[in-house]
Amino acid sequence: MIYEKEMFHYLFLHFPIALFCTAFIFELINLIDKKRKYATFVLWNIGMAIFWSFFSIISGFITDWSLYGHMESPLPVWTTHGTHMIIASILYIFMFILKYLNYSNKVKLSNNVVLFFHFIILSFFIHGTHIGAKLADRL
Numbered sequence: 010m011i012y013e014k015e016m017f018h019y020l021f022l023h024f025p026i027a028l029f030c031t032a033f034i035f036e037l038i039n040l041i042d043k044k045r046k047y048a049t050f051v052l053w054n055i056g057m058a059i060f061w062s063f064f065s066i067i068s069g070f071i072t073d074w075s076l077y078g079h080m081e082s083p084l085p086v087w088t089t090h091g092t093h094m095i096i097a098s099i100l101y102i103f104m105f106i107l108k109y110l111n112y113s114n115k116v117k118l119s120n121n122v123v124l125f126f127h128f129i130i131l132s133f134f135i136h137g138t139h140i141g142a143k144l145a146d147r148l
């Protein structure tokens with residue numbers, strides 16, 4: 010095998026980070042220039058980030074079982090990387106559903122409110138990535 014099974018987490022984790030951050034940037038652009046294509050970009054970025062989050066979470070469990078063992082005690086959420094990232098991914102799934110319903114005109118959401126919650130979820134997500142980087146001795 011080219012990589013040890015623990016290394017896949019380090020390969021996968023960059024996709025959700027980059028895609029969730031890019032989605033937020035397009036969210037900001039969409040607030041300024043209300044073209045439908047930017048809302049489409051946000052949906053695609055969040056959708057692909059959720060897709061890659063599944064692989065990142067699964068490979069994260071494999072890495073944790075092999076190297077760290079921090080998910081044996083998943084609480085408190087604020088200090089446990091795995092729990093943090095699972096909750097952030099679930100929040101993004103809810104955000105994706107709401108944004109899709111708004112995109113297809115089934116519900117009407119204020120762009121300012123959506124941007125605020127997107128900022129909160131992204132901040133929570135980035136905090137979780139920081140905890141993971143500390144756990145892996147990358148900081």
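By my numbering, the letter at position 132 of the sequence shown is numbered 141, and the numbering carries on one by one without gaps. Glycine included, each C-beta is placed from N, C-alpha and C at the ideal position.
Hey, H127 and S68 are a contact pair by Cβ (cut 8 Å); roughly how many whole angstroms apart?
Stepping through the sequence shown from its first residue, residue 127 is reached at position 118. Stepping through the sequence shown from its first residue, residue 68 is reached at position 59. With a Cβ gap of about 26 Å, H127 and S68 do not count as contacting.
In chain order, what are the residue ranges of uninterrupted alpha helix (DSSP H) at least 4 long that sit wholly in the stretch 10 to 98?
16 to 21, 23 to 41 and 45 to 72
To the nearest angstrom, how far is it from the Cα of A27 to the Cα of I135?
The residue you call residue 27 lines up with position 18 of the sequence shown. The residue you call residue 135 lines up with position 126 of the sequence shown. About 11 Å.
Would you be able to state if there are at least three C-beta pairs under 8 Å between the stretch 81 to 93 and the stretch 37 to 51?
Taking 8 Å as the limit for Cβ pairs, the verdict is that the stretch 81 to 93 does not touch the stretch 37 to 51.
Could you have a look at K115 and say whether DSSP puts it in helix, strand or coil?
Taking the sequence shown and counting its residues from 1, one reaches residue 115 at position 106. If DSSP states are grouped into helix, strand and coil, K115 belongs with coil.
Quick check on M94: buried or exposed, where buried means 16 or more other Cβ atoms within 10 Å of its Cβ?
Taking the first residue of the sequence shown as position 1, residue 94 is located at position 85. That one is buried.
So for A145, helix, strand or coil by DSSP?
Taking the sequence shown and counting its residues from 1, one reaches residue 145 at position 136. Correct three-state label for A145: coil.
Under 7 Å between the Cβ atoms of L52 and L124?
The count along the sequence shown starts at 1 and reaches residue 52 at position 43. The count along the sequence shown starts at 1 and reaches residue 124 at position 115. By the CB criterion at 7 Å, L52 and L124 fall outside the cutoff.
Leaving out five residues on either side along the sequence, give the residues of the same chain with a beta carbon under 8 Å from the beta carbon of F33.
For the purposes of this step, residue 33 is taken as the residue at position 24 of the sequence shown. Closer than 8 Å at the Cβ level, and outside the excluded window around F33, lie H127, F128 and L131.
Quick check: F105 and I66, are their CB atoms within less than 7 Å of each other?
Translated into the one-based positions of the sequence shown, residue 105 becomes position 96. Translated into the one-based positions of the sequence shown, residue 66 becomes position 57. No, these two residues do not count as a Cβ contact at 7 Å.
Quick test of your reading: S75 and S98, contact by CB under 8 Å. State the CB separation rounded to the nearest angstrom.
Translated into positions along the sequence shown, residue 75 becomes position 66. Translated into positions along the sequence shown, residue 98 becomes position 89. Contact doesn't hold; Cβ gap of about 21 Å is too wide.
Apart from the five residues just before and just after I38, which ones in its own chain have a Cβ nearer than 6 Å to its Cβ?
Taking the sequence shown and counting its residues from 1, one reaches residue 38 at position 29. The answer, listed in chain order, is Y47.
Apply the 10 Å Cβ neighbour rule to H90 and answer buried if 16 or more other Cβ atoms are within range, or exposed otherwise.
If you number the sequence shown from 1, residue 90 lands on position 81. Its Cβ being crowded by 16 or more others within 10 Å, H90 is buried.
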